[in-house]
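Numbering (the UniProt record's numbering), first residue to last: 1 to 317.
Below, the structure is given as C-alpha coordinates:
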(Lines of atoms letter the chains of each structure in order from A; the text may use other names.)
(Lines give C-alpha, C1' and ligand atoms only; values in the text may rest on other atoms or scores of the structure.)
Protein backbone atom coordinates (compact mmCIF):
# COMPACT_ATOMS: atom_id res chain seq x y z
CA UNK A 1 0.00 0.00 0.00
CA UNK A 2 1.41 3.42 -0.91
CA UNK A 3 1.89 5.85 1.97
CA UNK A 4 -0.85 8.49 2.20
CA UNK A 5 0.07 11.96 1.04
CA UNK A 6 1.08 14.09 4.00
CA UNK A 7 -1.04 17.20 4.62
CA UNK A 8 1.12 20.28 4.95
CA UNK A 9 0.88 22.43 8.11
CA UNK A 10 2.94 25.52 8.90
CA UNK A 11 3.19 27.12 12.36
CA UNK A 12 4.08 30.81 12.06
CA UNK A 13 6.16 32.01 15.03
CA UNK A 14 6.01 35.79 15.49
CA UNK A 15 7.98 37.98 17.89
CA UNK A 16 6.75 37.37 21.44
CA UNK A 17 5.16 34.04 20.52
CA UNK A 18 3.72 32.13 23.47
CA UNK A 19 5.27 28.67 23.98
CA UNK A 20 2.04 26.76 24.58
CA UNK A 21 0.41 28.31 21.52
CA UNK A 22 3.36 27.27 19.35
CA UNK A 23 3.58 23.79 20.83
CA UNK A 24 -0.07 22.80 20.49
CA UNK A 25 -0.34 22.60 16.66
CA UNK A 26 3.24 21.41 16.37
CA UNK A 27 2.41 18.44 18.61
CA UNK A 28 -1.15 17.73 17.48
CA UNK A 29 -0.22 17.54 13.81
CA UNK A 30 2.94 15.51 14.30
CA UNK A 31 3.76 12.89 11.66
CA UNK A 32 2.70 9.36 12.68
CA UNK A 33 0.62 6.55 11.22
CA UNK A 34 -2.61 8.00 12.56
CA UNK A 35 -1.65 11.57 11.67
CA UNK A 36 -0.69 12.06 8.03
CA UNK A 37 0.72 15.57 8.45
CA UNK A 38 4.04 17.27 7.92
CA UNK A 39 4.70 20.35 10.07
CA UNK A 40 7.10 23.18 9.35
CA UNK A 41 7.73 25.81 12.01
CA UNK A 42 8.54 29.12 10.38
CA UNK A 43 9.03 32.81 11.07
CA UNK A 44 9.30 36.10 9.22
CA UNK A 45 12.77 34.82 8.31
CA UNK A 46 14.80 31.72 9.19
CA UNK A 47 16.78 32.02 12.40
CA UNK A 48 16.18 33.13 15.99
CA UNK A 49 12.83 34.52 17.14
CA UNK A 50 12.43 36.06 20.59
CA UNK A 51 9.37 34.57 22.26
CA UNK A 52 7.45 35.07 25.49
CA UNK A 53 9.68 33.33 28.03
CA UNK A 54 11.33 31.13 25.40
CA UNK A 55 13.31 31.88 22.28
CA UNK A 56 12.93 29.87 19.08
CA UNK A 57 15.20 28.98 16.21
CA UNK A 58 13.05 28.43 13.15
CA UNK A 59 14.37 26.70 10.07
CA UNK A 60 11.89 28.12 7.60
CA UNK A 61 10.89 31.61 6.54
CA UNK A 62 7.71 32.87 4.91
CA UNK A 63 8.21 30.48 1.99
CA UNK A 64 6.62 27.86 4.27
CA UNK A 65 3.31 29.71 3.94
CA UNK A 66 3.40 29.15 0.19
CA UNK A 67 4.08 25.44 0.82
CA UNK A 68 1.41 24.90 3.49
CA UNK A 69 -2.22 23.91 3.11
CA UNK A 70 -2.99 25.07 6.68
CA UNK A 71 -1.20 27.82 8.59
CA UNK A 72 -1.50 28.19 12.37
CA UNK A 73 -0.72 31.59 13.87
CA UNK A 74 0.08 31.20 17.58
CA UNK A 75 -0.63 33.98 20.03
CA UNK A 76 2.02 36.54 20.93
CA UNK A 77 2.61 39.30 23.49
CA UNK A 78 1.28 42.84 23.12
CA UNK A 79 -0.88 42.13 20.05
CA UNK A 80 -2.78 45.41 20.46
CA UNK A 81 0.33 47.58 20.08
CA UNK A 82 1.60 46.93 16.55
CA UNK A 83 0.64 44.84 13.57
CA UNK A 84 3.09 42.16 12.37
CA UNK A 85 5.62 43.23 9.73
CA UNK A 86 4.05 44.02 6.35
CA UNK A 87 5.85 41.07 4.77
CA UNK A 88 4.10 38.72 7.21
CA UNK A 89 0.68 40.27 6.58
CA UNK A 90 1.21 40.08 2.81
CA UNK A 91 2.37 36.46 3.00
CA UNK A 92 -0.72 35.48 4.99
CA UNK A 93 -2.98 37.28 2.51
CA UNK A 94 -1.25 35.64 -0.46
CA UNK A 95 -1.49 32.21 1.14
CA UNK A 96 -5.22 32.66 1.74
CA UNK A 97 -5.71 33.79 -1.86
CA UNK A 98 -4.11 30.51 -2.99
CA UNK A 99 -6.62 28.56 -0.91
CA UNK A 100 -4.60 28.04 2.27
CA UNK A 101 -6.59 27.68 5.50
CA UNK A 102 -5.50 30.16 8.19
CA UNK A 103 -6.09 29.34 11.86
CA UNK A 104 -5.20 31.72 14.71
CA UNK A 105 -4.68 30.65 18.31
CA UNK A 106 -5.45 33.19 21.04
CA UNK A 107 -3.93 36.60 20.22
CA UNK A 108 -2.79 35.30 16.85
CA UNK A 109 -6.21 36.62 15.80
CA UNK A 110 -4.69 40.11 15.73
CA UNK A 111 -2.22 39.08 13.02
CA UNK A 112 -5.03 37.46 11.05
CA UNK A 113 -7.21 40.55 11.49
CA UNK A 114 -4.39 42.74 10.15
CA UNK A 115 -4.85 41.06 6.76
CA UNK A 116 -8.46 42.23 6.57
CA UNK A 117 -9.61 38.63 6.11
CA UNK A 118 -11.70 38.77 9.29
CA UNK A 119 -13.61 41.90 8.29
CA UNK A 120 -17.34 41.19 8.39
CA UNK A 121 -16.70 37.75 9.89
CA UNK A 122 -17.06 36.32 13.39
CA UNK A 123 -13.84 35.80 15.29
CA UNK A 124 -12.60 35.34 18.83
CA UNK A 125 -9.41 35.71 20.84
CA UNK A 126 -8.32 35.43 24.47
CA UNK A 127 -10.99 36.99 26.71
CA UNK A 128 -8.48 39.54 28.04
CA UNK A 129 -8.07 40.96 24.52
CA UNK A 130 -11.56 40.75 23.01
CA UNK A 131 -12.31 44.44 23.55
CA UNK A 132 -8.90 45.42 22.22
CA UNK A 133 -9.47 43.33 19.09
CA UNK A 134 -12.87 44.94 18.54
CA UNK A 135 -11.40 48.42 19.05
CA UNK A 136 -8.40 47.88 16.77
CA UNK A 137 -10.41 46.10 14.07
CA UNK A 138 -14.01 47.37 14.31
CA UNK A 139 -15.10 45.49 11.17
CA UNK A 140 -14.45 42.16 12.87
CA UNK A 141 -17.48 40.60 14.61
CA UNK A 142 -15.78 39.64 17.87
CA UNK A 143 -17.47 36.88 19.87
CA UNK A 144 -16.02 36.79 23.38
CA UNK A 145 -17.95 33.77 24.62
CA UNK A 146 -16.78 30.91 22.39
CA UNK A 147 -13.79 28.58 22.41
CA UNK A 148 -13.25 28.89 18.67
CA UNK A 149 -14.89 30.19 15.51
CA UNK A 150 -14.82 28.40 12.15
CA UNK A 151 -15.47 30.71 9.20
CA UNK A 152 -14.35 28.17 6.63
CA UNK A 153 -10.97 29.34 5.36
CA UNK A 154 -10.22 31.45 8.45
CA UNK A 155 -10.51 30.13 12.00
CA UNK A 156 -9.80 31.70 15.38
CA UNK A 157 -9.65 30.39 18.92
CA UNK A 158 -9.76 31.82 22.41
CA UNK A 159 -7.04 31.51 25.09
CA UNK A 160 -4.10 29.14 24.69
CA UNK A 161 -5.71 25.86 25.80
CA UNK A 162 -8.58 26.42 23.37
CA UNK A 163 -5.97 25.95 20.66
CA UNK A 164 -6.39 22.26 21.44
CA UNK A 165 -10.12 22.57 20.82
CA UNK A 166 -9.40 24.29 17.51
CA UNK A 167 -6.85 21.70 16.43
CA UNK A 168 -9.20 18.83 17.29
CA UNK A 169 -11.95 20.59 15.32
CA UNK A 170 -9.64 20.84 12.30
CA UNK A 171 -8.76 17.16 12.68
CA UNK A 172 -12.44 16.20 12.76
CA UNK A 173 -12.94 18.02 9.47
CA UNK A 174 -9.82 16.56 7.85
CA UNK A 175 -9.77 12.96 9.05
CA UNK A 176 -13.05 12.33 10.87
CA UNK A 177 -14.25 11.86 14.43
CA UNK A 178 -12.26 8.70 15.15
CA UNK A 179 -8.93 10.36 14.35
CA UNK A 180 -9.86 13.42 16.39
CA UNK A 181 -10.89 11.31 19.39
CA UNK A 182 -7.68 9.29 19.12
CA UNK A 183 -5.63 12.49 19.17
CA UNK A 184 -7.63 13.78 22.15
CA UNK A 185 -6.88 10.60 24.11
CA UNK A 186 -3.19 10.91 23.24
CA UNK A 187 -3.22 14.50 24.51
CA UNK A 188 -5.29 13.54 27.59
CA UNK A 189 -7.77 16.21 26.48
CA UNK A 190 -11.55 16.33 26.14
CA UNK A 191 -12.68 15.73 22.53
CA UNK A 192 -15.36 18.37 23.11
CA UNK A 193 -15.52 20.90 25.92
CA UNK A 194 -18.75 22.23 27.36
CA UNK A 195 -19.47 25.93 27.01
CA UNK A 196 -17.30 28.79 25.84
CA UNK A 197 -14.47 30.78 27.31
CA UNK A 198 -16.80 33.06 29.28
CA UNK A 199 -16.75 30.50 32.11
CA UNK A 200 -12.98 31.01 32.47
CA UNK A 201 -13.15 34.79 32.90
CA UNK A 202 -12.54 35.51 36.61
CA UNK A 203 -15.77 37.50 36.91
CA UNK A 204 -18.52 38.21 34.44
CA UNK A 205 -19.24 41.56 36.12
CA UNK A 206 -17.09 44.12 34.27
CA UNK A 207 -14.65 46.34 36.09
CA UNK A 208 -16.04 49.87 36.22
CA UNK A 209 -14.39 52.61 34.22
CA UNK A 210 -15.14 55.23 36.86
CA UNK A 211 -16.06 55.61 40.50
CA UNK A 212 -19.59 56.89 40.03
CA UNK A 213 -22.04 54.73 41.96
CA UNK A 214 -19.23 52.59 43.41
CA UNK A 215 -20.99 52.66 46.78
CA UNK A 216 -24.26 51.56 45.18
CA UNK A 217 -22.56 48.67 43.39
CA UNK A 218 -20.99 47.56 46.65
CA UNK A 219 -24.34 47.89 48.43
CA UNK A 220 -26.02 45.75 45.76
CA UNK A 221 -23.32 43.06 45.91
CA UNK A 222 -24.19 42.48 49.58
CA UNK A 223 -27.93 42.16 48.78
CA UNK A 224 -28.01 39.94 45.70
CA UNK A 225 -30.33 37.49 47.46
CA UNK A 226 -32.91 40.24 47.96
CA UNK A 227 -35.20 41.87 45.39
CA UNK A 228 -33.24 44.55 43.55
CA UNK A 229 -34.96 46.93 41.16
CA UNK A 230 -33.80 49.88 39.11
CA UNK A 231 -35.76 52.18 41.40
CA UNK A 232 -34.08 50.79 44.55
CA UNK A 233 -30.61 51.17 43.05
CA UNK A 234 -31.31 54.71 41.84
CA UNK A 235 -32.72 55.67 45.21
CA UNK A 236 -29.58 54.45 46.94
CA UNK A 237 -27.46 56.44 44.47
CA UNK A 238 -29.58 59.55 45.04
CA UNK A 239 -30.47 60.15 41.40
CA UNK A 240 -33.42 59.48 39.14
CA UNK A 241 -33.77 56.03 37.55
CA UNK A 242 -33.23 57.54 34.11
CA UNK A 243 -30.01 59.29 35.14
CA UNK A 244 -28.81 56.23 37.01
CA UNK A 245 -29.37 53.96 34.01
CA UNK A 246 -27.53 56.26 31.62
CA UNK A 247 -24.54 56.92 33.83
CA UNK A 248 -24.32 53.32 35.04
CA UNK A 249 -24.11 52.08 31.44
CA UNK A 250 -21.37 54.62 30.74
CA UNK A 251 -19.37 53.23 33.67
CA UNK A 252 -19.84 49.50 33.10
CA UNK A 253 -21.12 48.91 29.58
CA UNK A 254 -24.24 47.24 30.99
CA UNK A 255 -27.63 48.39 32.15
CA UNK A 256 -28.08 48.23 35.95
CA UNK A 257 -30.23 45.10 35.77
CA UNK A 258 -27.85 43.36 33.36
CA UNK A 259 -25.07 44.09 35.85
CA UNK A 260 -27.16 42.70 38.73
CA UNK A 261 -27.86 39.53 36.76
CA UNK A 262 -24.16 39.00 36.04
CA UNK A 263 -23.30 39.66 39.68
CA UNK A 264 -25.84 36.99 40.69
CA UNK A 265 -24.32 34.52 38.24
CA UNK A 266 -20.86 35.31 39.64
CA UNK A 267 -22.11 34.63 43.15
CA UNK A 268 -23.63 31.36 41.93
CA UNK A 269 -20.26 30.43 40.41
CA UNK A 270 -18.54 30.89 43.76
CA UNK A 271 -21.16 28.81 45.56
CA UNK A 272 -20.91 26.04 42.97
CA UNK A 273 -17.13 25.98 43.40
CA UNK A 274 -16.97 26.24 47.18
CA UNK A 275 -20.09 24.58 48.53
CA UNK A 276 -22.18 21.45 48.10
CA UNK A 277 -25.48 23.31 48.02
CA UNK A 278 -27.98 22.16 45.44
CA UNK A 279 -28.62 24.20 42.30
CA UNK A 280 -32.10 25.02 43.63
CA UNK A 281 -30.69 26.29 46.92
CA UNK A 282 -28.04 28.36 45.18
CA UNK A 283 -30.66 29.88 42.87
CA UNK A 284 -32.64 31.05 45.90
CA UNK A 285 -29.53 32.31 47.69
CA UNK A 286 -28.45 34.54 44.78
CA UNK A 287 -31.89 35.97 44.10
CA UNK A 288 -32.76 33.96 40.99
CA UNK A 289 -35.63 32.05 42.57
CA UNK A 290 -35.58 28.67 40.86
CA UNK A 291 -33.02 26.28 39.49
CA UNK A 292 -34.57 26.62 36.04
CA UNK A 293 -34.06 30.37 36.16
CA UNK A 294 -30.44 29.97 37.25
CA UNK A 295 -29.78 27.45 34.48
CA UNK A 296 -31.30 29.79 31.90
CA UNK A 297 -29.15 32.78 32.82
CA UNK A 298 -26.05 30.68 33.55
CA UNK A 299 -26.11 29.23 30.04
CA UNK A 300 -26.87 32.60 28.46
CA UNK A 301 -23.97 34.36 30.19
CA UNK A 302 -21.39 31.57 30.51
CA UNK A 303 -22.37 29.14 27.76
CA UNK A 304 -22.58 26.13 30.07
CA UNK A 305 -24.79 24.69 32.81
CA UNK A 306 -24.32 24.98 36.58
CA UNK A 307 -23.71 21.23 36.81
CA UNK A 308 -21.05 21.25 34.08
CA UNK A 309 -19.44 24.28 35.69
CA UNK A 310 -19.31 22.56 39.07
CA UNK A 311 -17.75 19.45 37.54
CA UNK A 312 -15.05 21.60 35.95
CA UNK A 313 -14.24 24.01 38.74
CA UNK A 314 -15.35 22.54 42.09
CA UNK A 315 -12.57 21.86 44.56
CA UNK A 316 -11.20 18.42 44.01
CA UNK A 317 -13.03 18.22 40.67
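Where is the CB? At the ideal position from N, CA and C, for every residue including glycine.
Note down the Cα distance separating residue 187 from residue 43, rounded to an integer number of angstroms.
Their Cα atoms are separated by approximately 26 Å.
Cutoff 8 Å; reference residue 19; Cβ partners in own chain excluding five residues on either side
Excluding sequence neighbours, residue 19 sits near 51, 52, 53 and 54.
Which residue marks the beginning of the alpha helix (DSSP H) containing residue 250, and which one marks its end?
Residues 241-252.
Should residue 21 be labelled buried (16 or more other beta-carbon atoms within 10 Å of its own) or exposed?
If you draw a 10 Å sphere on the C-beta of residue 21, you find 16 or more other C-beta atoms in it, and that means buried.
Can you name, in chain order, every residue of its own chain whose Cβ lies under 8 Å from the Cβ of residue 226, other than the five neighbours on each side?
287, listed in sequence order.
Got a sec, what are the start and stop residues for the alpha helix (DSSP H) residue 95 sits in?
Here the alpha helix (DSSP H) through residue 95 covers 86-97.
Taking buried to mean at least 16 other C-beta atoms within 10 Å of its own C-beta, is residue 177 buried or exposed?
Classification of residue 177: exposed, given that the 10 Å Cβ count is below 16.
Chain-order list of residues whose beta-carbon lies under 7 Å from that of residue 15 (same chain, five-residue window excluded)
Setting aside the 5 residues that flank it on each side, residue 15 is surrounded in the same chain by 49, 50 and 76, each with a C-beta closer than 7 Å to its C-beta; the list follows chain order.
Note the first and the last residue of the continuous beta strand (DSSP E) segment covering residue 38.
Here the beta strand (DSSP E) through residue 38 covers 37-42.
Taking the alpha-carbon of residue 175 as reference, which of 36, 17 and 27 has the nearest alpha-carbon?
Closest by alpha carbon: 36.
Looking only at its own chain, which residues have a Cβ that is under 6 Å from the Cβ of residue 93, when we skip the five neighbours before and after it?
Within the same chain, Cβ atoms closer than 6 Å to the Cβ of residue 93 are found at 115, the five residues on either side in sequence being excluded.
Run through DSSP, which three-state label would residue 137 get?
Three-state result, residue 137: coil.
If we ignore side chains and look at the alpha-carbon of each, how far apart do residue 80 and residue 136 end up?
Straight through space, the alpha carbons of residue 136 and residue 80 are spaced by roughly 7 Å.
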